[in-house]
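Under my numbering, the first residue of the sequence shown carries the number 3, and numbering increases by one thereafter.
All C-beta atoms in this analysis are idealised placements derived from N, C-alpha and C, irrespective of residue type, glycine included.
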Amino acid sequence: VVPRMREVGIRRGEILMAPDARQMSSYLRRGRVDWVSETTGAAMLLEQRGSAHPLLMTERGGLRDFHTVFFVRRDSPIQSLSQLRGHTLALQNASSTSGYLLPVLELLRNGIACDVLLSADDTPARGSAGYLMVGSKLNVAAFVHKHLIDVGALSNVDWDDERHMPPVFKRDFRIVHRTAPVPRAV
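Written as structure tokens, this is what we have:
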């Protein structure tokens with residue numbers, strides 16, 4: 003980074019890693035970090051905590067933007083996002099932009115209340131969609147494939163990545179909704 007920034011007066015640099023957005027926010031507030039490149043969701047958290055302000059969009063993995071896909075098994079009666087009330091949704095974890103923030107925001111924007119589930123056996127409150135945090139992208143696909151959860155949500159990048167969406171699962175799925183694209187990183 004330093005050679006690229008030399009023309010704007012940067013002569014030296016150090017890399018400081020943080021295990022999560024909370025720690026990075028602390029580093030920023032205390033002046034230990036001057037700038038950070040982060041996913042859109044983490045950048046929103048840093049901005050919300052008052053420790054950072056997005057300045058530029060950047061690529062991550064060679065991609066400028068991405069979106070979330072909602073998918074179901076081919077034999078599911080669900081055809082659209084509006085039919086998710088009363089159904090269950092597998093999400094990755096609360097720090098994921100495409101595997102949590104975008105899907106939940108999309109549901110709320112479409113007037114669908116969200117209810118946290120404690121297990122795959124739990125049921126959502128009447129009139130809302132229930133979501134379960136399953137931890138990994140592969141688990142999102144597996145929970146839907148094994149009929150444990152009705153709907154999964156992943157980024158379009160993960161949908162096309164066999165490490166996260168095995169072909170043996172993917173052939174049994176269909177996409178019922180896509181969110182608008184958002185910057186991959188800022």
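Secondary-structure assignment with DSSP links Y133 through a beta bridge to L91 and V118. Secondary structure at R24: helix, using DSSP grouped into helix, strand and coil. As computed with DSSP, H69 is found in no beta bridge at all. By the neighbour-count criterion, in which a residue is buried when 16 or more other Cβ atoms sit within 10 angstroms of its Cβ, D22 is exposed. Membership of A155 in the beta strand (DSSP E) is indicated by the continuous run V153 to S157. Note: I12 is not bridge-paired with any residue in the DSSP secondary-structure output. Taking C-beta separations shorter than 6 Å and ignoring five residues to either side along the sequence, P5 has no partners in its chain. Boundaries of the alpha helix (DSSP H) around H147: K139 to H147.
Residue nearest to Q81 within the set V159, P185, D152 and R165 is D152 (criterion: CA-CA distance).
Scanning its chain for C-beta atoms nearer than 7 Å, with the 5 sequence neighbours on each side dropped, one finds around T125 the residues G132, in chain order.
Counting only residues of its own chain and dropping the five nearest sequence neighbours on each side, H69 has a CB closer than 8 Å to the CB of S100, L104, S157, N158, R180, T181, A182, P183 and V184. Annotation for R6: the continuous alpha helix (DSSP H) segment containing it runs V4 to M7. For V178, the three-state secondary structure derived from DSSP is strand. Beta-bridge analysis with DSSP links P185 to D67. Rounded to whole angstroms, the separation of the alpha carbons of G15 and S97 is 27 Å.
Inter-residue distance for E164 and M26 is about 31 Å (C-alpha atoms, whole angstroms). Comparing C-alpha distances from S84 to each of S130, D67 and D77 shows the shortest one belongs to S130.
Around G137, the same chain offers Q94 and N95 as residues with beta carbons nearer than 8 Å, after the five sequence neighbours per side are excluded.
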